[in-house]
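Working notes for the structure below.
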Amino acid sequence: MDGAGGGAPAPPAYAGVGELPEELAADGTTVVVGDPAAATTVRLYEDPRCSVVEEFEATGAPALREMTLRREAKTEYTLASFRDDRVGGDGSKRAVNALRAALDAGKFTEYHAVIFENMVVNELAGGYTTASLLKLADQVEGLRGETFDSAVTTMKYEDFVTASQKAYEAAGGDDPRGPGTPTVAINGTKVEGDRHNWLFERESFAALLASVRN
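Residues 2 to 215 in our numbering are what the sequence shown spells out, letter by letter.
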(Lines of atoms letter the chains of each structure in order from A and count residues from 1; the text may use other names and numbers.)
(Lines give C-alpha, C1' and ligand atoms only; values in the text may rest on other atoms or scores of the structure.)
Protein backbone atom coordinates (compact mmCIF):
# COMPACT_ATOMS: atom_id res chain seq x y z
CA MET A 1 0.00 0.00 0.00
CA ASP A 2 1.17 3.55 -0.52
CA GLY A 3 2.70 5.56 2.30
CA ALA A 4 0.11 8.36 2.21
CA GLY A 5 -2.62 6.27 3.80
CA GLY A 6 -4.77 6.46 0.72
CA GLY A 7 -5.05 2.72 0.38
CA ALA A 8 -3.79 2.60 -3.20
CA PRO A 9 -1.57 -0.39 -3.92
CA ALA A 10 2.14 0.30 -4.21
CA PRO A 11 3.46 0.00 -7.77
CA PRO A 12 5.01 -3.39 -8.53
CA ALA A 13 8.75 -3.91 -8.61
CA TYR A 14 10.48 -3.71 -11.96
CA ALA A 15 10.84 -7.15 -13.51
CA GLY A 16 14.45 -6.51 -14.55
CA VAL A 17 17.04 -3.84 -15.20
CA GLY A 18 15.72 -3.41 -18.73
CA GLU A 19 12.54 -1.87 -17.26
CA LEU A 20 14.30 0.70 -15.06
CA PRO A 21 13.66 4.34 -15.98
CA GLU A 22 16.83 6.14 -17.06
CA GLU A 23 17.29 9.85 -17.66
CA LEU A 24 19.78 12.67 -17.70
CA ALA A 25 19.09 15.09 -14.87
CA ALA A 26 18.56 18.79 -15.47
CA ASP A 27 22.16 19.51 -14.45
CA GLY A 28 23.29 17.83 -17.66
CA THR A 29 25.77 15.47 -15.97
CA THR A 30 23.88 13.21 -13.55
CA VAL A 31 22.48 9.95 -14.89
CA VAL A 32 19.42 8.92 -12.86
CA VAL A 33 18.24 5.31 -12.76
CA GLY A 34 15.10 4.09 -11.02
CA ASP A 35 11.72 5.29 -9.84
CA PRO A 36 11.83 9.10 -9.51
CA ALA A 37 9.53 8.80 -6.48
CA ALA A 38 11.84 6.42 -4.58
CA ALA A 39 12.41 7.50 -0.97
CA THR A 40 16.15 6.84 -0.97
CA THR A 41 18.60 8.49 -3.35
CA VAL A 42 22.05 6.95 -3.71
CA ARG A 43 24.69 8.91 -5.63
CA LEU A 44 27.66 7.01 -6.99
CA TYR A 45 30.90 8.60 -8.18
CA GLU A 46 32.60 6.16 -10.55
CA ASP A 47 35.45 6.04 -13.06
CA PRO A 48 35.16 3.18 -15.58
CA ARG A 49 38.87 2.37 -15.25
CA CYS A 50 38.94 2.25 -11.45
CA SER A 51 39.57 -1.27 -10.12
CA VAL A 52 38.05 -0.37 -6.75
CA VAL A 53 34.80 0.59 -8.48
CA GLU A 54 34.92 -2.75 -10.28
CA GLU A 55 35.13 -4.44 -6.87
CA PHE A 56 32.19 -2.42 -5.54
CA GLU A 57 30.06 -3.20 -8.59
CA ALA A 58 30.63 -6.92 -7.97
CA THR A 59 30.01 -6.84 -4.21
CA GLY A 60 28.03 -4.01 -2.63
CA ALA A 61 26.27 -2.64 -5.70
CA PRO A 62 23.97 -5.66 -6.25
CA ALA A 63 22.18 -4.77 -2.99
CA LEU A 64 21.52 -1.29 -4.36
CA ARG A 65 20.35 -2.74 -7.67
CA GLU A 66 17.80 -4.92 -5.84
CA MET A 67 16.47 -1.90 -3.93
CA THR A 68 16.25 0.04 -7.17
CA LEU A 69 14.26 -2.76 -8.78
CA ARG A 70 11.91 -2.77 -5.77
CA ARG A 71 11.44 1.04 -6.19
CA GLU A 72 12.93 1.65 -2.74
CA ALA A 73 15.90 3.61 -4.10
CA LYS A 74 17.00 5.48 -7.18
CA THR A 75 20.62 5.73 -8.23
CA GLU A 76 22.39 8.88 -9.44
CA TYR A 77 25.68 8.41 -11.29
CA THR A 78 28.45 10.98 -11.67
CA LEU A 79 30.93 9.55 -14.16
CA ALA A 80 34.56 10.58 -13.76
CA SER A 81 37.48 10.12 -16.16
CA PHE A 82 40.51 11.14 -14.09
CA ARG A 83 42.14 7.72 -14.37
CA ASP A 84 43.26 8.52 -17.89
CA ASP A 85 45.61 11.19 -16.54
CA ARG A 86 47.03 8.79 -13.96
CA VAL A 87 47.56 5.66 -16.03
CA GLY A 88 47.64 7.03 -19.57
CA GLY A 89 45.39 6.70 -22.57
CA ASP A 90 41.81 7.88 -22.99
CA GLY A 91 39.86 4.76 -22.04
CA SER A 92 37.85 6.37 -19.25
CA LYS A 93 36.76 9.21 -21.49
CA ARG A 94 35.77 6.79 -24.25
CA ALA A 95 33.84 4.61 -21.82
CA VAL A 96 31.97 7.57 -20.31
CA ASN A 97 31.10 8.76 -23.81
CA ALA A 98 29.82 5.29 -24.69
CA LEU A 99 27.76 5.11 -21.49
CA ARG A 100 26.16 8.45 -22.38
CA ALA A 101 25.32 7.05 -25.82
CA ALA A 102 23.80 3.98 -24.16
CA LEU A 103 21.63 6.28 -22.04
CA ASP A 104 20.17 7.78 -25.21
CA ALA A 105 19.34 4.25 -26.33
CA GLY A 106 17.68 3.41 -23.00
CA LYS A 107 20.37 0.83 -22.27
CA PHE A 108 22.58 2.61 -19.74
CA THR A 109 22.05 0.19 -16.84
CA GLU A 110 22.66 -2.90 -18.93
CA TYR A 111 25.73 -1.49 -20.65
CA HIS A 112 27.10 -0.13 -17.36
CA ALA A 113 26.99 -3.67 -15.95
CA VAL A 114 28.81 -5.07 -18.97
CA ILE A 115 31.49 -2.36 -18.79
CA PHE A 116 32.45 -3.25 -15.23
CA GLU A 117 32.12 -7.01 -15.68
CA ASN A 118 34.82 -6.71 -18.35
CA MET A 119 36.96 -3.95 -16.89
CA VAL A 120 39.92 -6.06 -15.80
CA VAL A 121 40.36 -7.68 -19.21
CA ASN A 122 40.24 -4.32 -20.95
CA GLU A 123 42.68 -2.73 -18.50
CA LEU A 124 45.16 -5.54 -19.07
CA ALA A 125 44.91 -4.73 -22.78
CA GLY A 126 45.60 -1.05 -22.14
CA GLY A 127 42.13 0.32 -21.42
CA TYR A 128 38.87 0.76 -23.29
CA THR A 129 39.06 1.50 -27.00
CA THR A 130 36.41 2.24 -29.59
CA ALA A 131 36.66 -1.34 -30.80
CA SER A 132 36.38 -2.89 -27.34
CA LEU A 133 33.43 -0.67 -26.37
CA LEU A 134 31.55 -1.64 -29.52
CA LYS A 135 32.33 -5.30 -28.93
CA LEU A 136 31.02 -5.08 -25.37
CA ALA A 137 27.86 -3.42 -26.68
CA ASP A 138 27.12 -6.64 -28.58
CA GLN A 139 26.29 -8.15 -25.18
CA VAL A 140 23.37 -5.73 -24.72
CA GLU A 141 20.42 -6.67 -26.89
CA GLY A 142 19.27 -3.81 -29.10
CA LEU A 143 22.13 -1.43 -28.29
CA ARG A 144 24.24 -1.68 -31.43
CA GLY A 145 23.10 0.36 -34.39
CA GLU A 146 24.12 3.28 -36.54
CA THR A 147 23.28 5.91 -33.92
CA PHE A 148 25.10 4.25 -31.03
CA ASP A 149 28.07 3.12 -33.10
CA SER A 150 28.54 6.59 -34.56
CA ALA A 151 28.35 8.23 -31.12
CA VAL A 152 31.03 5.89 -29.79
CA THR A 153 33.28 6.23 -32.83
CA THR A 154 33.12 10.03 -33.07
CA MET A 155 33.13 10.78 -29.32
CA LYS A 156 29.82 12.55 -29.81
CA TYR A 157 29.41 13.23 -26.10
CA GLU A 158 32.89 14.62 -25.44
CA ASP A 159 31.35 17.75 -23.91
CA PHE A 160 29.37 15.56 -21.51
CA VAL A 161 32.56 13.70 -20.57
CA THR A 162 34.29 16.98 -19.72
CA ALA A 163 31.31 18.38 -17.81
CA SER A 164 30.85 15.15 -15.86
CA GLN A 165 34.50 15.14 -14.79
CA LYS A 166 34.14 18.76 -13.64
CA ALA A 167 31.03 17.78 -11.63
CA TYR A 168 33.09 15.02 -10.00
CA GLU A 169 35.86 17.47 -9.11
CA ALA A 170 33.33 19.97 -7.71
CA ALA A 171 32.09 17.32 -5.25
CA GLY A 172 35.30 17.80 -3.24
CA GLY A 173 36.76 15.17 -0.95
CA ASP A 174 40.07 13.59 -0.03
CA ASP A 175 41.29 13.03 -3.57
CA PRO A 176 43.13 16.07 -5.01
CA ARG A 177 40.62 16.36 -7.86
CA GLY A 178 37.44 14.92 -6.34
CA PRO A 179 36.02 12.59 -3.71
CA GLY A 180 37.69 9.41 -5.03
CA THR A 181 35.98 6.43 -6.64
CA PRO A 182 33.86 4.82 -5.63
CA THR A 183 32.27 7.38 -3.37
CA VAL A 184 28.71 6.79 -2.22
CA ALA A 185 26.32 9.40 -0.83
CA ILE A 186 22.95 8.32 0.56
CA ASN A 187 20.28 11.03 0.67
CA GLY A 188 23.04 13.63 0.41
CA THR A 189 25.32 12.18 3.11
CA LYS A 190 28.60 10.58 2.06
CA VAL A 191 29.36 7.15 3.46
CA GLU A 192 32.27 7.57 5.86
CA GLY A 193 34.03 5.39 8.43
CA ASP A 194 34.93 1.82 7.56
CA ARG A 195 34.04 2.17 3.90
CA HIS A 196 35.49 -1.21 2.98
CA ASN A 197 32.99 -3.07 5.16
CA TRP A 198 30.06 -0.86 4.23
CA LEU A 199 30.65 -0.71 0.49
CA PHE A 200 32.30 -3.98 -0.42
CA GLU A 201 30.29 -6.50 1.61
CA ARG A 202 26.86 -7.08 0.14
CA GLU A 203 25.03 -7.75 3.42
CA SER A 204 26.66 -4.79 5.18
CA PHE A 205 25.81 -2.40 2.37
CA ALA A 206 22.26 -3.73 2.22
CA ALA A 207 21.93 -3.16 5.97
CA LEU A 208 23.30 0.37 5.60
CA LEU A 209 20.76 1.17 2.89
CA ALA A 210 17.94 -0.34 4.96
CA SER A 211 18.90 1.69 8.03
CA VAL A 212 18.70 4.92 6.04
CA ARG A 213 15.39 3.92 4.51
CA ASN A 214 13.90 3.08 7.90
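Just so you know, even glycine gets a beta-carbon here, dropped at the ideal spot from N, CA and C.
For the segment 67-139, the continuous beta strand (DSSP E) assignments of 3+ residues that do not extend past its boundaries occur at 74-80, in sequence order.
DSSP, read as helix, strand or coil, puts Thr154 in helix.
In terms of Cβ geometry, Tyr112 and Leu70 do not form a close pair [threshold 8 Å]. Listed in chain order, the non-local C-beta contacts of Asp28 below 8 Å within the same chain comprise Ala168, local neighbours out to five positions each way being set aside. With at least 16 other beta carbons inside 10 angstroms of its own, Lys94 counts as buried. Assignment of beta-bridge partners to Glu23 by DSSP yields Val34. In the structure shown, the three-state DSSP call for Tyr169 is helix. Contact annotation, Leu45 with Tyr78: C-beta distance approximately 5 Å; criterion of less than 8 Å satisfied. In the three-state scheme derived from DSSP, where H, G and I count as helix and E and B as strand, Val18 is classed as helix. Within the DSSP bridge table, the entry for Val213 names no partner. Glu47 has Leu80 as its beta-bridge partners, per DSSP. The alpha carbon of Thr182 has as its nearest neighbour, out of Glu47, Ser165, Thr41, Phe117, the alpha carbon of Glu47.
The beta carbons of Glu56 and Phe201 sit about 6 Å from each other, so the pair counts as a contact at 8 Å. Only residues of its own chain outside the window of five on either side were considered, and among them Tyr46, Gly174, Lys191 have a CB closer than 7 Å to the CB of Thr184, listed in chain order. Of the residues Gly17, Ser52, Ala102, Arg87, the one whose Cα lies closest to the Cα of Thr154 is Ala102. Looking at the DSSP output, Ala186 sits in a beta bridge with Arg44, Lys191. The shortest C-alpha to C-alpha distance from Gly19 to any of Gly143, Ser133, Gly92 is the one to Gly143. Cβ-Cβ separation between Glu23 and Leu104: approximately 6 Å, consistent with a contact (criterion under 8 Å). Shown here for Asn123: same chain residues with a beta carbon closer than 6 Å to its own, the five before and five after excluded, namely Tyr129, Ser133 in chain order.
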